[in-house]
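Chemist: Let me give you the structure first, and then I'll get to my questions.
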Amino acid sequence: MLQKHLDKGDLYIFDDVIKYITSIAFSEIDGVECSSTTIKSKVLDTIIGNPSNINIKTTKEEVSVQLKVSIRLGKNIPDTIYELQSVVKNHVELFTGFTVSEVNVLVDGIIIDE
């Protein structure tokens, strides 16, 4: 959880909010999808809306994001991941006002269009 003291009180931002902001960034990048390792985790992610493939670590003033993703076959992996990292960093910093120290990405799957 992020915490910041403001003039009229304290601000608290829960990790789930940062996960949601991060998941929005996925919709802006063509050829990248969140990965879920099991059918059970996919079902739980859908039901509870808390993606298990997005992990957030926070300090007092910084956010670290870890993602598991799948990339569409034919996409340049380094270029696509760099774009994803930039979009995630920009979204989280814009919406929360906190600094993103890193966005680590684990590519654990390939998307094959049928």
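Quick note on UniProt numbering: the sequence shown kicks off at 1 and runs consecutively.
Every residue, glycine too, gets a C-beta built ideally from N, C-alpha and C.
Quick caveat: nothing in here was measured; it's all calculated off a predicted structure.
Taking 8 Å as the limit between beta carbons, can you name the residues of its chain near Ile24, skipping five residues before and five after?
Modeler: Here the question's residue 24 lines up with position 24 in the sequence shown. Same-chain partners within the cutoff: His91.
Chemist: Note down, in chain order, each residue of its chain lying with its Cβ closer than 6 Å to the Cβ of Glu28, except the 5 sequence neighbours on either side.
Modeler: The residue labelled residue 28 in the question sits at position 28 within the sequence shown. So the list reads Val87, once near-sequence residues are dropped.
Chemist: Taking the CB atoms as reference points, tell me whether Thr69 and Val107 lie closer together than 8 Å.
Modeler: Start at 1 with the first residue of the sequence shown, and residue 69 comes out as number 69. Start at 1 with the first residue of the sequence shown, and residue 107 comes out as number 107. Checking the displayed sequence, the identity of residue 69 turns out to be Val instead of Thr. A contact, by the Cβ cut-off of 8 Å.
Chemist: Buried or exposed: which applies to Gln3, given that a residue is buried once 16 or more other Cβ atoms fall within 10 Å of its Cβ?
Modeler: Start at 1 with the first residue of the sequence shown, and residue 3 comes out as number 3. The residue in question, Gln3, is exposed, as its Cβ has fewer than 16 Cβ neighbours within 10 Å.
Chemist: Decide if Thr22 is buried, meaning its Cβ has at least 16 other Cβ atoms within 10 Å, or exposed.
Modeler: For this step, residue 22 is matched to residue 22 along the sequence shown. Label assigned to Thr22: buried.
Chemist: In the DSSP assignment, find the beta strand (DSSP E) that holds Ser101 and state where it starts and stops.
Modeler: Mapped onto the sequence shown, residue 101 falls at position 101. From DSSP, the beta strand (DSSP E) with Ser101 extends over Thr99 to Ile111.
Chemist: Along the chain, which unbroken stretches of the alpha helix (DSSP H) at least 4 residues long are found entirely within the segment 55–97?
Modeler: Counting only runs of 4 or more, we get 77–96.
Chemist: On a CA-only basis, which of Asp15, Asp7, Gly9 and Lys8 is nearest Thr96? Give me that one, please.
Modeler: Translated into positions along the sequence shown, residue 96 becomes position 96. Among Asp15, Asp7, Gly9 and Lys8, the Cα nearest to that of Thr96 is on Asp15.
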